[in-house]
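So the mapping is simple: this note's numbering equals the position in the sequence shown, first residue as 1, plus 457. For each residue, glycine too, the CB sits at the ideal point set by N, CA and C. Data block below; observations after.
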Amino acid sequence: RPNPIAITTVELVERRGNKIKVKGLDILDGTPIIDIKPYWPIYNNVKDGKIPDWVNKLDL
């Protein structure tokens with residue numbers, strides 16, 4: 458892979474069907490998004506971060 462893969466925590470602004478709008482993503486137009494994961498504070502602590510209810514129900 459010629460370019461490094463970045464990990465960024467963003468704020469979910471809107472969800473419509475299979476499209477999402479986020480805030481705080483620092484990429485150029487056309488940059489591929491490889492994966493989307495829920496927010497987990499153990500990996501990246503964000504002030505006032507919100508954990509989705511379904512994440513708390515996971516049996517890990």
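Closest by C-alpha distance to W497, out of V467, G481, N460, I462, is V467.
Across the set L469, D486, L485, I484, the C-alpha of L469 shows the shortest separation from the C-alpha of K478. Counted as a single uninterrupted DSSP element, the beta strand (DSSP E) harbouring V479 occupies residues 476 to 480. In its chain, beyond the 5 residues on either side, P495, Y496, W497, P498 have a beta carbon closer than 8 Å to the beta carbon of I508. Within the model, the alpha-carbon separation for G474 versus K514 is close to 23 Å.
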